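Trainee:
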Amino acid sequence: MAKFVVTLHLPESFDEDFIALIPRHRAFISRLIEENVIESYAISADRIRGWVTMNGQNATNVRSIVEQFPLYRFLRKVEIDELFVFDSIASRFPHISLN
Numbered sequence: 002m003a004k005f006v007v008t009l010h011l012p013e014s015f016d017e018d019f020i021a022l023i024p025r026h027r028a029f030i031s032r033l034i035e036e037n038v039i040e041s042y043a044i045s046a047d048r049i050r051g052w053v054t055m056n057g058q059n060a061t062n063v064r065s066i067v068e069q070f071p072l073y074r075f076l077r078k079v080e081i082d083e084l085f086v087f088d089s090i091a092s093r094f095p096h097i098s099l100n
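For the sequence shown, the working numbering gives the first residue as 2, with consecutive numbering after it.
(1) Tell me, which residues are paired with S41 by DSSP?
(2) Determine the direct distance from the alpha carbon of L99 to that of L9, and round the result to whole angstroms.
(3) Counting along the chain, where does the alpha helix (DSSP H) carrying A46 start and finish?
(4) Can you check DSSP and say which residues form a bridge with V7?
(5) For R64, which residues of its own chain have a beta-carbon under 8 Å away from its beta-carbon, when the five flanking residues on both sides are left out?
(6) Taking the continuous alpha helix (DSSP H) assigned at P24, which residues delimit it?
(7) Drop a sphere of 10 angstroms on the beta-carbon of M2, count the other beta-carbons inside from all chains shown, and report buried for 16 or more, exposed for fewer.
(8) Give the range of the alpha helix (DSSP H) segment to which I66 is assigned.
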């Protein structure tokens, strides 16, 4: 299974409809993390962009999942890039403690 990074371009301001969907969106993201579909999820401090690292068969498969995000209709742009290398502390063995 391939890894992809998805760049989400959020609206510059959030209306009541957007804010009302945040709990449902977070629950959906949490479920995908538990199912190992999403590896990481981040939103920039200025709340203009987000990055999601996802596992999927191909970009079309990943896009179909992103289109299910409750906040999808508010996104200004979605970019999907397949990764060649993805390394993180989470994918490494834990440090051994000799306590």
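For glycine and all other residues, C-beta sits at the position ideal for the given N, C-alpha and C.
These numbers come from a predicted model, not from an experiment.
Mentor: By the coordinates alone:
(1) T54
(2) 43 Å
(3) Unbroken run through A46: none, as it is neither H nor E.
(4) V53, I81
(5) V79, I81
(6) 17–35
(7) exposed
(8) 60–67
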